[in-house]
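Written below as structure tokens is the structure these notes are about.
Residue numbers (my numbering): 97 to 213.
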């Protein structure tokens, strides 16, 4: 349970940092980031596996680079599910750049959380 909470908090912080780096990737405050992290987790748990299965041939042909597009689409979907909440992604390019930055920032934060844990 502690690992889950630390990962959730780490993702929320990573969302806030990503919103400061990528234009068009908007997270208003920490509470919004917590909600967005939860919605992203649900989308990743239920919809992302279906997308990965359907796009496996394209992912294989692009040597895995299409995974960035899948990540961007899931982020964009998560922002569309929560309209008016303060979590907004304005277009595909901010979603794509945001997914790349979010992956890097989340990896760094989760690395330090594992060291502390």
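Just so you know, even glycine gets a beta-carbon here, dropped at the ideal spot from N, CA and C.
Tell me which residues share the same chain as residue i and place their Cβ nearer than 7 Å to its Cβ, disregarding the 5 neighbours each side in the sequence.
i: residue 197; result: 114, 117, 118
i: residue 125; result: 182
Tell me which same chain residues have a C-beta within less than 6 Å of the C-beta of residue i, skipping the five on either side of it?
i: residue 108; result: 129, 130, 133
The beta strand (DSSP E) spanning residue i covers which residue range?
i: residue 123; result: 121-123
i: residue 154; result: Unbroken run through residue 154 is the alpha helix (DSSP H), 152-157; no beta strand (DSSP E).
Excluding sequence positions up to five away, which residues of its chain have a Cβ less than 8 Å from the Cβ of residue i?
i: residue 104; result: 130, 133, 134, 137
i: residue 189; result: 120
i: residue 199; result: 167
Of all Cβ atoms in chain D, is any one closer than 7 Å to the Cβ of residue i?
i: residue 197; result: The chain inventory of the structure shown lacks chain D, comprising one protein chain alone.
### Query
Is the stretch 165-176 touching the stretch 190-204, taking contact as three or more C-beta pairs under 8 Å?
Yes, the stretch 165-176 touches the stretch 190-204.
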